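One structure below.
Residue numbers (the numbering used here): 193 to 548.
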């Protein structure tokens, strides 16, 4: 009897609020006949129970949902069946970076990629650019590439971290994520055109002008209100693909001006350029067709999904082009021009050659 009274005294001291909280936690595990002990009416409730509460492993609302239970704006891939974070607060989004869900590897692949590119940039400006006797233009394109790539990667990290906060956050951050991809493609193209036609500013201006026009189309599809939302994602993907495919034109032109496959610079750089197109082709194909989860629904939700593969291939392509730039810098360190100069040709003549 004394022990029972002591137990009752303990419940009384804890107060009504704590008793109710404890009972809610354990009631599901007790047999139906058991009833909650009555709180003591003659003991005032404790106003603050912060010191008595144990921190929970998962806050309310942090539990992962299935595809069918996720909000409509998160239901973008029907083959990813579980692991969805839904309507989290900002601080919960931060915490989710360190917990397993279907965005964990999407976040860490590009967060890690950001740090790698940052490390490469520091290495470049400290040692490598001096080692290849880089010209001012080489310094500019090397730094611009790294900064653009880091911007792309960090925009991707922000999107995948906070897209579960709300539908507004999802749509807003998606715009910036797509913009980051477009910027990387554009900067890669512009740098490649400079490497190919640095001695031919007329050709450089024409190709960069066409690429800039295509980027404007991407921006309109990305930010103009009539085109907001996942409905126009296939169209945005098509235009981004065109940014990549158009790179074949200046590549073929550059090869012709250098005399074809037998030219040393073509033999050096063409395999690297072809590999870059291969990276982009694989990335866009995996993203578009949602491989491999389209064959294994629910089996690669957390590890091995198409978006994770897309992230890894995109990161590898950025590093690959960065190293291709240094292959070009090293080749050109004792040379003045990569292609023959034909100053007699006007921009109009060059454009007519391209169209003929």
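From the three backbone atoms N, C-alpha and C, an ideal C-beta is built for every residue, glycine too. Note that the coordinates shown come from a computational prediction; the quantities given were computed from them, not determined experimentally.
Query	Result
Identify the continuous alpha helix (DSSP H) that holds residue 444 and give its terminal residues.	440-449
For residue 431 versus residue 468, is the C-beta spacing smaller than 8 angstroms?	no
Would you kindly work out how many angstroms separate the C-alpha atoms of residue 339 and residue 311, rounded to a whole number?	12 angstroms
How would you call residue 369, buried or exposed, if buried means at least 16 neighbouring beta carbons within 10 angstroms?	buried
Do residue 289 and residue 353 have their CB atoms nearer than 8 angstroms?	yes
Go to residue 503, then tell me how far its alpha helix (DSSP H) extends in each direction, as first and last residue.	498-524
Tell whether a beta-carbon distance below 8 angstroms holds between residue 276 and residue 510.	no
Give me the Cα-Cα distance between residue 202 and residue 269, rounded to the nearest whole angstrom.	For residue 202, the predicted structure reports a pLDDT of 45, less than 50, and the residue's modelled location is therefore unreliable. A value from the coordinates is still provided. If I take the Cα positions, the gap works out to 52 angstroms.
Take residue 523 and list the residues in its own chain whose beta-carbon comes closer than 7 angstroms to its own, dropping the five residues that flank it on each side.	457, 460
Less than 8 angstroms separating the beta-carbons of residue 357 and residue 285?	yes
Is the CB-CB distance between residue 294 and residue 493 below 8 angstroms?	yes
Whole angstroms are fine: how far does the CA of residue 399 sit from the CA of residue 525?	25 angstroms
What residues in its chain sit with their C-beta under 6 angstroms from that of residue 345, if we drop five residues either side in the sequence?	302, 305, 306
Which same chain residues, not among the five before or five after residue 476, have their C-beta less than 6 angstroms away from its C-beta?	433
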